[in-house]
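Residue numbers (my numbering), protein chains in the order written: chain Z, 1 to 187; chain F, 1 to 505; chain P, 1 to 496; chain Y, 1 to 118.
The C-beta atom is built at its ideal place from N, Cα and C for all residues, glycine as well.
Only a predicted model underlies this, so the values are computations on that prediction, with no experimental measurement involved.
Data block below; observations after.
Pasting the structure below:
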């Protein structure tokens, strides 16, 4: 692996992520988020996962961005100035991040052929699936056979999301909303 | 009828009665007949168990295994027999009385009243015959819940507040303390069965026993040990028949009965007697006896005074249990019956006065004995029994309690009993004296409560307008219980014979 | 033949029925389909339970690929127990729902979408429970989560939308945390199968990575099950969702999360790791206790009764976690049996609320005046559920409390036992507020519609089936506490 | 060299994850939160993907002349997860549109204020 590409890509990813966090304009944030996904996809292909990279580019950078842009056109594209200092979120995030970094210390190094992930389960896919399934692309083979039920579940997720969007946006509904309920509900 | 069938019948009959009452709600006469017939049948069923128990048998019935090793089960032993007899017998009398009272008062929702009353009696039967603490607790809670609609019968703001106190204290103590004590006992002893000699001996340190005893004593809120007595005066907002049967007999006796049973069959008399761990409970009970009597003195409302009197009298029984001597336990147990007859008579009289004269305050009852001689005579008899004077049943239980105190070498409690008796005289006798020997106040013009009371049973041709007795159903009932007070004095030996096995297994 | 394929049938039935709803569209047909499918699903879960009780755990290899290479469905006593609860509640609520949603969902012709989402949610919850594969958990978690966000958003009040949105954010964060946890475990072991994972974790249990994975899984699941203080999404979600949705989710969704917690603690990481090495109870027990007390207290001050019951749910989840944190057979039995029992009683209570919404349009405490006379059966069901929540004997709530208190005493933690019982008293307060209003106050003057009537039989009957269950399982506990005890014993790896 | 890069990779991915997480919890705007959520999820996918890499390996597509293949399993999982992620995003955005219709705003504090004042 070319570690120069690796470092450059990661630096770019970091740059875009921080940019998104700092941006006020939602439109630009959406575009930069698309770029972020694209960079992620590049990194994935560098890490030998072209199938995932394609999907991420199409779904993450493509569909997601389009969805956000459509939403922006239906709502608003400017974020308001925050009114409170985000101290608590910062603390939570820092603790979570610190915990994760603590967790990496004992992890196998990137690309280590002796890592447990490369010794257990995966070898069988690599060795047996050409005979058992007969598809050269291992990702496809595993996706369609060994872990086919995840794929079924994935389809169900798409169905759910579709139904959800139909429920939420299908036809203009008028909500029956009573102002007096609000006051009384607060004891 | 086999004994176990009789046990099932005793618990189920009142429920059937309740169903009948509801289905006959359109025909009040039939409805009341249903109550009475159920009461009669129940008493017959309970009575059919008596020979078995007297002959030393302990009829049992196991219903269902709730958790592994924990059954919903019944087993009749002398103490439970006594309680069941008293509660079921007095139910008939109270139903008779209720007919007169509820109709005389034109109470609303009478169907609901009779139905919940029957359910409460079923719960009381369950408490009386419970074979283990789990069953006891189940029916104890059922009793609390089924009497709640009776206490709040009038659905007024005042009734609702009283209901809160009632439920708050009874559920609070039972869930907070009693349940904890029961589960703790189960954890220590591995069983919850009532066994002669107790199940806790040798399972725990002394401090645990003391804590458990405290949890049991205060957790049984129905026993109205101070400071958890407030529910009883609050419950007086209920119609008088409720106060009479439930809050002088079934509910409160379920409380002291539970404590007695726990002392005898869970701790075991020997454990408490030998270690002297219940001494603090004796003092607590003594405090309640005296303090409640003193409070009773200050109450002008008759039912309130009777309620505090009940609180005081209940602690006699707790005291008897805490003495953990055979005479103490016997005295306490006998007092369950003695006090029941005495106090129910007093409540009946209070209700009768209210029905006829609409008077609740003692200060208004001047000369009432002249217009209601039978009622007030019965009141006098009941009062004597409560005070503990011969020839009333109450004399015996006090006698045994005093013996028990001596047996436990705690003479101070003999003194407590004496002082308490004096206080009883002080708060009961003035009522009688005022009723008979003070001239009635002139009815104020326009005050037609008294003069025009339409419900009275007019007795005697010459008595004419001056004698206005209670409705005849009420009169019959209160005469019967007053007679009971007398009879118990003469038949105390039978009671003694019945109860002896609990201390000499 | 069918017998062998029960596990997959359990999932496929609702999963296939969901898109069918989209195709059929006709309101009556879809409703009938949903009701029929949920009942058959329930029958399947009961059959699975019977099989597991007879033959021991079932392992089902999806697509014929043996684990750990393929995905395994694994049904043991615990998962069968939860399956029965989830599918049973699913069936009862589906049967109850038609009348309710015809009032609460404004657009009549879109009922098929509701049932589609409902069946997907059921599929997701059942899938989480039955699977033996970590990643499969994540996938089905998302199915159930996405559909429940949508279902909640269907509420009449506009706050249903914001409630669904915050649930979505919290839920997705939770799911992502779980995903991170799964990833870290995968990194350290190379496997995703739970049983295989349990074996392989033994060697690497000391690594920091595994400990961090453990923490992330717990936090993720705690978010999902609304463990105090991560419960903030729950009250609004339950208060503003359509009544049928509230009843279903309150009785199942958080329970499945608790199930997941049990799976992670005991099956994947094992008792030694979770409780001996990590001393988990030090964190769990205080959180559970504080949650029980605060949520019960807050519940007392709510005027929207659905919201009140929602806070009560947070408290009840505290009970379950408390039971788990004892890590003893009694404690786990208490936790597991409470999972089941609380499902029964909370579902009953929310169904009663649904009946009231159906007739009165609101569950504000003022609307409930005089309902004791107007809707006697509905209110009686509420009282039954309420008594069970309090823990009155002969109801299921008593059984749960019994085991929990016993477990606390076994470990000498009598203050904890005190807290359990004290919070029962808080339950008395908030339940009795409703009872007093319903039975003591005069009904509100009705504006021109005539007096409020009792709910229709189509709602009363399913609700009373649950009431009957509350009392039945409150008296004989062989099927609940007995099974829970076996499940607890097998989780702890001891012979009962 | 490999050692440091191995950790450097993970750490950067963690920083990315936390940036997304931070956007979700700290920002007020509902759409911004959704963007943050998707950054968070995408970064988690990156973590998974980096696990599958085998030094000197090639993409897991069987072909002559290659011996060492990277682990296909993370790819399989992440393919599923990406779809799940976009499904979540879609539902979230649908909710945002509806919220905007009802409240006329997509700022959390303003929505909260409206609910309290109403």
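{"Asked": "Bridge partner(s) assigned by DSSP for residue 137/Z", "Found": "61/Y"}
{"Asked": "Residues within the segment 383–401 of chain P neighbouring chain B, beta-carbon criterion of under 8 Å", "Found": "The structure shown contains no chain B; the protein chains it does contain are Z, F, P and Y."}
{"Asked": "For residue 361/P, the three-state DSSP class (helix, strand or coil)", "Found": "coil"}
{"Asked": "Residue range of the beta strand (DSSP E) that includes residue 75/F", "Found": "70–75"}
{"Asked": "DSSP-derived helix/strand/coil call for residue 346/P", "Found": "helix"}
{"Asked": "Residues, ordered as in the chain, of the segment 153–187 of chain P that lie near chain Z by beta-carbon distance below 7 Å", "Found": "153, 154, 156, 157, 158, 184, 186 and 187"}
{"Asked": "Reduced DSSP category for residue 375/P - H, G, I as helix; E, B as strand; rest coil", "Found": "coil"}
{"Asked": "Cutoff 9 Å: residue 117/P Cβ touching any chain F Cβ", "Found": "no"}
{"Asked": "Secondary structure of residue 75/P, DSSP reduced to three states", "Found": "strand"}
{"Asked": "Stretch pair the segment 236–250 of chain P + the segment 274–286 of chain P: three plus CB contacts closer than 8 Å", "Found": "no"}
{"Asked": "Burial state of residue 458/P (16 or more Cβ within 10 Å)", "Found": "exposed"}
{"Asked": "Extent of the continuous alpha helix (DSSP H) run through residue 226/P", "Found": "Unbroken run through residue 226/P: none, as it is neither H nor E."}
{"Asked": "Cα-Cα separation, residue 330/F to residue 389/F", "Found": "18 Å"}
{"Asked": "Buried versus exposed, by CB contacts within 10 Å (16 or more), residue 207/F", "Found": "exposed"}
{"Asked": "Residue range of the unbroken alpha helix (DSSP H) whose run includes residue 354/F", "Found": "326–357"}
{"Asked": "Spatial neighbours of residue 70/Z in its chain, beta-carbon cut-off 6 Å, leaving aside the 5 residues before and after", "Found": "none"}
{"Asked": "Chain Y contact residues for residue 60/Z, given Cβ-Cβ distances below 8 Å", "Found": "38, 42, 82, 85 and 86"}
{"Asked": "Buried versus exposed, by CB contacts within 10 Å (16 or more), residue 236/P", "Found": "buried"}
{"Asked": "Within-9 Å CB hit, residue 18/P to chain Z", "Found": "yes"}
{"Asked": "Near-chain F residues of the segment 478–495 of chain P - C-beta to any C-beta below 9 Å", "Found": "478, 481, 482 and 485"}
{"Asked": "Spatial neighbours of residue 269/F in its chain, beta-carbon cut-off 6 Å, leaving aside the 5 residues before and after", "Found": "324"}
{"Asked": "is_contact[residue 142/P, chain F] using C-beta, thresh 9 Å", "Found": "no"}
{"Asked": "Secondary structure of residue 111/F, DSSP reduced to three states", "Found": "helix"}
{"Asked": "DSSP-derived helix/strand/coil call for residue 25/Z", "Found": "strand"}
{"Asked": "Secondary structure of residue 455/P, DSSP reduced to three states", "Found": "coil"}
{"Asked": "The ligand HEM heavy atom lying under 8 Å from the CB of residue 89/P", "Found": "In terms of ligand content, the structure shown is empty, and the ligand HEM therefore cannot be addressed."}
{"Asked": "In DSSP terms, what residue 10/F is bridged to", "Found": "For residue 10/F, which the question treats as bridged, DSSP gives no partner whatsoever."}
{"Asked": "Any chain P beta carbon closer than 9 Å to residue 57/Z", "Found": "no"}
{"Asked": "Own chain, CB closer than 8 Å to residue 25/Z, minus 5 neighbours either side, in chain order", "Found": "77, 78 and 79"}
{"Asked": "Reduced DSSP category for residue 66/F - H, G, I as helix; E, B as strand; rest coil", "Found": "strand"}
{"Asked": "Below-9 Å beta-carbon distance, residue 358/P vs any chain Y residue", "Found": "no"}
{"Asked": "DSSP three-state assignment for residue 131/P, whether helix, strand or coil", "Found": "strand"}
{"Asked": "Within chain Z, the residues that residue 71/P reaches when beta carbons sit closer than 9 Å", "Found": "146, 147, 148, 149 and 150"}
{"Asked": "Contact set between residue 65/Y and chain Z, taken where Cβ atoms lie within less than 9 Å", "Found": "Near residue 65/Y there are no residues of chain Z at all, since even the closest Cβ is about 13 Å away, more than 9 Å."}
{"Asked": "At least three beta-carbon pairs within less than 8 Å, the segment 51–61 of chain Z to the segment 472–480 of chain P", "Found": "no"}
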